[in-house]
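Respectively, the protein sequence lines represent chains L and Z.
First residue of the first sequence: 157, per the working numbering; consecutive thereafter.
First residue of the second sequence: 77, per the working numbering; consecutive thereafter.
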Amino acid sequence: MQKQGLLTDVIDALCCLPGVGPKSAQRMALHLFQRDRGGADNLAKALQVAADKLGNCKKCRTLTEYELCSICASPTRDQHLVCVVESPADVWVINQATDYQGMFFVLNGRLSPLDGIGPDEIGIDQLEQQLAVNQVTELILATNSTVEGEATAHFIAQLALANHVQVSRLAHGVPVGGELEFIDSSTLAHAFSGRRSIE
Amino acid sequence: MSSGLQACFLLHHKPYQESSVLIDVLTQNSGKISLIAKGVRQQKAKYLGLLRPFLPLNISYSGAGELKLLNHAEAGNAEMILPGINTYCGFYLNELIRYFLQPGEPYPDIFLAYFTCLQQLKTKQPIEAALRNFEVQLMQALGYELQLQYDCLSHKPIKPDLNYHFDLEQGPRFFQQGKISGATLIAMHQGHYTNQRQLNEAKWLMRQVIDFHLQGKILQSRRLISKLQQRPVCKSN
Ligand SMILES: [Zn+2]
């Protein structure tokens with residue numbers, strides 16, 4: 157196959173996706189242009205529109221084409237609760253899996269000094285402004301249970317406490333259906349230190 | 077070439093392709109190594125939660141090139157959860173090691189110093205002395221002449237009650253208006269600090285030394301720690 161031209165451009169462009177190397181990119185491109193021209197057309201249009209219009213919600217920083225995302229714009233959600241997550245995907249997961257009715261704040265990352273990601277890069281100033289205006293009473297820290305996620309949670313917790321906002325952290329523990337014997341020692345240590353009395 | 081199990085700590089990890097991770101580790105006997113850990117980002121992956129900073133690991137790997145393949149990893153027997161701001165100090169150690177160590181060169185002294193420092197970061201005790209000791213040991217193990225025992229002009233032993241100017245290439249020399257007291261230099265050499273003045277002076281001096289060798293590179297973790305310290309709620313380190 158020729159190494160330049162429109163098809164090669166598409167293949168190269170597809171390689172920007174995580175987990176897509178030249179082989180899979182080639183397979184995708186050939187599929188689109190050999191078998192599914194309509195699909196190619198739809199994909200191109202959807203991508204173009206999204207690339208033009210998709211931005212971050214002014215309030216919670218999740219991805220949206222509007223000024224405010226649907227959650228922030230909703231009149232029924234509890235403005236006093238804010239759940240801090242690392243990515244927009246976490247918003248969807250929490251919305252699907254729980255009956256949480258509060259607001260979100262999306263960091264779009266985590267503190268990771270070795271990758272050059274500090275407070276400015278994850279919107280800490282914006283979060284702090286929201287904490288300062290007194291509407292928020294509880295901040296729920298739902299960053300990942302990684303070292304970086306914990307460090308981020310700790311940092312934000314300090315901010316919240318300085319603003320007299322109550323802070324909670326997602327519990328870590330034994331997975332539902334999990335057997336103790338097969339759980340790694342640090343998960344077990346977390347689960348143990350975060351044990352609850354049975355009511 | 078395949079190796080037996082070796083003690084190490086993870087310094088840095090970043091996602092690679094769909095399910096793999098590229099990691100840098102500090103090993104006990106082989107120094108800093110870059111590895112690819114395949115398939116570890118799947119939901120049921122064996123090492124999920126294991127490949128993270130500050131956790132003592134035992135690993136085996138293979139490969140002759142600069143990037144090795146992780147064959148096996150298991151947790152060592154100590155749990156390392158660094159409380160609060162100490163996590164950022166841990167990142168600071170990792171950033172120093174990642175910057176200063178040449179890949180594949182053995183630095184057993186640095187491994188030991190790192191391990192010792194982490195042990196102290198695990199506790200809620202004051203940690204300034206632990207950080208300074210690590211910095212001093214790191215500079216010395218790297219072969220940067222961090223000379224703390226003699227006046228570099230007179231070659232006389234450092235006296236605790238004199239002040240010194242510290243020339244970053246030559247070492248300390250007597251100077252009545254110098255910013256570093258002899259007692260601080262002795263404390264740094266012995267790794268044992270007895271008052272806050274020594275700790276402050278040592279912090280200031282090690283910052284000059286490290287910045288000199290960083291040749292303009294900015295340490296992000298240091299930036300982050302100073303941001304934390306700007307907040308009234310965070311203690312100084
Ligand atoms: Zn929003």
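Here a beta-carbon is modelled for each residue, glycine too, at the ideal position from N, C-alpha and C.
Residue contact with chain L for Ala-113(Z): absent (no Cβ-Cβ distance below 8 Å to any residue of chain L). For Leu-300(Z), the C-beta contacts it makes with chain L under 8 Å involve Leu-267, Pro-269, Gly-274, Pro-275, in order along the chain. Distance from the CA of Gly-195(L) to the CA of Gln-204(L), rounded to the nearest whole angstrom, comes to 14 Å. Nearest to Val-212(Z) by alpha-carbon distance, out of Met-264(Z), Pro-182(Z), Gly-107(Z), is Met-264(Z). Per the coordinates, the alpha-carbon of Glu-150(Z) lies some 5 Å from the alpha-carbon of Asn-134(Z). Comparing alpha carbon positions, the residue from Lys-108(Z), Thr-163(Z), Gln-291(Z), Gln-201(Z) closest to Tyr-183(Z) is Lys-108(Z).
Between the beta-carbon of Glu-277(Z) and that of Ile-301(Z) there is about 19 Å, and that puts the pair past the 8 Å contact cut. For the region 170-188 of chain L, the residues whose beta carbon sits under 8 Å from a beta carbon of chain Z are, in order, Pro-174, Gly-175, Gly-177. For Ala-206(L), no beta strand (DSSP E) segment is defined; the enclosing uninterrupted segment is the alpha helix (DSSP H) at 193-209.
A distance filter of 6 Å between CB atoms and the heavy atoms of ligand 1 selects the following residues in sequence order: Cys-213(L), Lys-215(L), Cys-216(L), Thr-218(L), Leu-224(L), Cys-225(L), Ile-227(L), Cys-228(L). The residues Tyr-168, in chain order, have a CB closer than 7 Å to that of Arg-298(Z) in the same chain once the five nearest residues on each side in sequence are set aside. Taking Ala-217(Z) as the centre and dropping the five residues before and after it, the same chain places the C-beta of Tyr-183, Asp-185, Ile-186, Ala-189 closer than 8 Å to its C-beta, in chain order. Taking 7 Å as the Cβ-Cβ cut-off, the region 325-347 of chain L approaches chain Z at Asp-340, Ser-341, Ser-342, Thr-343, Ala-345, given in chain order. Spanning the alpha carbons of Gly-160(Z) and Phe-191(Z) requires a straight line of approximately 19 Å. A Cβ-Cβ separation of about 4 Å places His-346(L) in contact with His-328(L) under the 8 Å criterion.
For Ser-110(Z), no chain L residue has a Cβ inside 7 Å of its Cβ, as the nearest lies near 14 Å away. In this structure, Val-238(L) lies near Leu-295(L), with their beta-carbon atoms less than 8 Å apart.
Val-321(L) is a Cβ neighbour of Thr-293(L), given a cutoff of 8 Å. Taking a C-beta cut-off of 9 Å against chain L, the contacting residues of the region 163-195 of chain Z are Thr-163, Tyr-164, Gly-166, Phe-167, Tyr-168, Asn-170, Glu-171, Arg-174, listed in chain order. Distances from the CA of Ser-341(L) to each of Ser-110(Z), Asn-209(Z), Asn-153(Z), Leu-81(Z) were compared; the closest alpha carbon is that of Asn-153(Z). Against His-88(Z), the close residues of chain L are Leu-270, in the order they occur along the chain (beta-carbon pairs closer than 7 Å). Here Leu-267(L) is actually not in contact with Thr-220(L); their C-beta atoms are around 24 Å apart, not less than 8 Å. Chain-ordered, the chain L residues with CB closer than 7 Å to the CB of Gly-160(Z) read His-310.
Among the residues facing chain L, Lys-198(Z) is not included, as its CB has no counterpart in that chain under 8 Å away.
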